[in-house]
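Residues in the sequence shown are numbered consecutively from 289, following our numbering. Every residue, glycine too, gets a C-beta built ideally from N, C-alpha and C. Values in this document were obtained by computation on a predicted structure and should not be read as measured data.
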Amino acid sequence: MSNPMIHPNVSDALRAKVAERTLATIARLRQAAAEFQPVGFASSMGAEDMLLIDIIQRHAIDIEIFTLDTGRLPAETYDLMAKAETHYGMRPVTWFPRHEAVEEYVRKHGINAFYRSVELRKACCGMRKVEPLKRALAGKKAWITGMRAQQSTTRADLPLREFDETHGIEKFNPLSDWTEREVWVYIQTEGVPYNVLHEQFFPSIGCQPCTRAISPGEDIRAGRWWWENADSKECGLHVKDG
């Protein structure tokens with residue numbers, strides 16, 4: 289199956305736009321690395337994150353790449369992790385949830401309790417993502433994300449740079465102004481490895497139980513926590529306190 293995100297024909301104008309976006313992103317990442325040290329890039333191994341990994345590795349930018357292994361990721365995501373290790377000759381720092389918290393949650397609520405309420409789902413995200421992220425960012429002066437403003441209503445006003453009050457450090461969103469089409473033109477042009485689930489209409493990939501394929505015309509984040517209202521569809525990693 290071919291990747292529905294990749295189109296065979298790319299106009300010269302679009303290629304030029306992607307080249308322009310790429311140069312701007314390189315500059316943003318270099319600025320972050322020069323102004324703040326140490327800097328961490330939180331990668332979920334999604335398409336946007338693979339683009340940033342490619343730029344960081346290709347241009348030897350001093351940014352630590354790390355990932356959060358929730359224990360519920362699709363097999364295809366683990367396959368991509370292994371492929372990326374070989375492709376780039378590097379291994380992201382991996383952070384796991386505290387096993388005591390997972391055990392307590394499952395014993396009290398059940399293995400798939402997150403389907404029952406937004407509160408239980410956010411509690412699951414909290415122990416599997418939010419708490420490990422706090423440990424991953426401990427000692428960092430800034431962190432990088434692969435978020436784009438176009439991805440969902442919760443990210444519509446996403447700035448390129450902001451102060452993360454939750455963690456008390458600077459936060460950079462260097463792909464905020466990229467379109468999905470531009471991301472995939474970069475991936476196609478540079479031969480960046482990506483998750484094969486993208487070939488099965490999974491534009492946004494998180495934990496296996498909380499991610500489904502989307503139908504034509506649906507929002508690109510519609511496959512994440514699809515049983516919830518669109519306004520609540522964040523895991524907590526990027527929700528501001530208060």
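Outcome for residue i when other beta-carbon atoms lying within 10 angstroms are tallied against a minimum of 16
i	result
residue 545	Because residue 545 is not part of the residues shown, which for the chain are 289 to 530, the question remains open.
residue 531	As displayed, the chain neither begins before 289 nor continues past 530, which places residue 531 out of reach and without an answer.
residue 515	exposed
residue 450	exposed
Length of the line joining the Cα atoms of residue i and residue j
i	j	result
residue 510	residue 502	7 Å
residue 392	residue 319	42 Å
residue 409	residue 358	13 Å
residue 308	residue 490	27 Å
residue 504	residue 477	24 Å
residue 459	residue 403	31 Å
residue 374	residue 341	13 Å
residue 343	residue 328	14 Å
residue 416	residue 300	43 Å
residue 367	residue 405	31 Å
residue 347	residue 311	11 Å
residue 394	residue 412	9 Å
Cutoff 6 Å; reference residue i; Cβ partners in own chain excluding five residues on either side
i	result
residue 316	462
residue 345	376
residue 472	293 and 294
residue 306	470, 473 and 474
residue 362	496
residue 338	480 and 482
Collapsed DSSP secondary structure at residue i in the structure displayed
i	result
residue 429	coil
residue 302	helix
residue 480	coil
residue 310	helix
residue 402	helix
residue 379	coil
residue 328	strand
residue 353	strand
residue 512	strand
Residue span of the beta strand (DSSP E) that contains residue i, given as start and end
i	result
residue 457	457-460
residue 449	449-452
N-terminal and C-terminal residue of the alpha helix (DSSP H) that residue i is part of
i	result
residue 370	363-376
residue 338	335-346
residue 396	387-397
Own chain, CB closer than 7 Å to residue i, minus 5 neighbours either side, in chain order
i	result
residue 484	364
residue 466	309 and 436
residue 371	481
Own chain partners of residue i with C-beta closer than 8 Å, once the 5 adjacent residues on each side are dropped
i	result
residue 400	497
residue 448	316, 460, 461, 462, 464 and 465
The ligand PLP heavy atom lying under 7 Å from the CB of residue i
i	result
residue 361	Summarising the ligand content, the structure contains no ligands, and the ligand PLP is consequently not present.
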